[in-house]
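To start, the structure itself, in structure tokens.
In full-length UniProt numbering, the protein residues as written are 1 to 64.
What follows is the structure, encoded as structure tokens:
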């Protein structure tokens with residue numbers, strides 16, 4: 001089994017940008033080194049990711 005990969009908010013926003021451009025989930029997953037299911041979860045949690053306010057927290061990552 002492979003290790004789990006944590007993505008930063010910036011990386012998740014890049015994934016959402018790729019989704020908006022119409023790139024296939026499989027291709028996005030390969031580019032970022034995550035399973036296609038993770039791309040779907042990030043897409044599902046779009047609102048949480050885009051509305052994240054870094055001034056409220058000192059972490060670079062958001063569990064969304």
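Beta carbons are placed, not taken as given, at the ideal position from N, Cα and C, and that holds for glycine. Just so it is clear, the structure is predicted and the values come from calculations on it, not from any experiment.
Spatial neighbours of residue i in its chain, beta-carbon cut-off 8 Å, leaving aside the 5 residues before and after
i	result
residue 29	35, 36, 38, 39
residue 13	49, 50
Neighbourhood of residue i by C-beta distance below 7 Å, restricted to the same chain and skipping five residues each side
i	result
residue 5	33, 34
residue 18	28
Counted within 10 angstroms of its Cβ, other Cβ atoms place residue i as buried (16 or more) or exposed
i	result
residue 42	buried
residue 47	exposed
Limits of the unbroken alpha helix (DSSP H) element including residue i
i	result
residue 19	9–21
residue 35	No alpha helix (DSSP H) contains residue 35, which DSSP labels as neither H nor E.
residue 46	46–50
beta-carbon residue i near the ligand PLP non-hydrogen atom, thresh 7 Å
i	result
residue 29	In the structure shown, the ligand PLP is absent, as is every other ligand, since no ligand is present at all.
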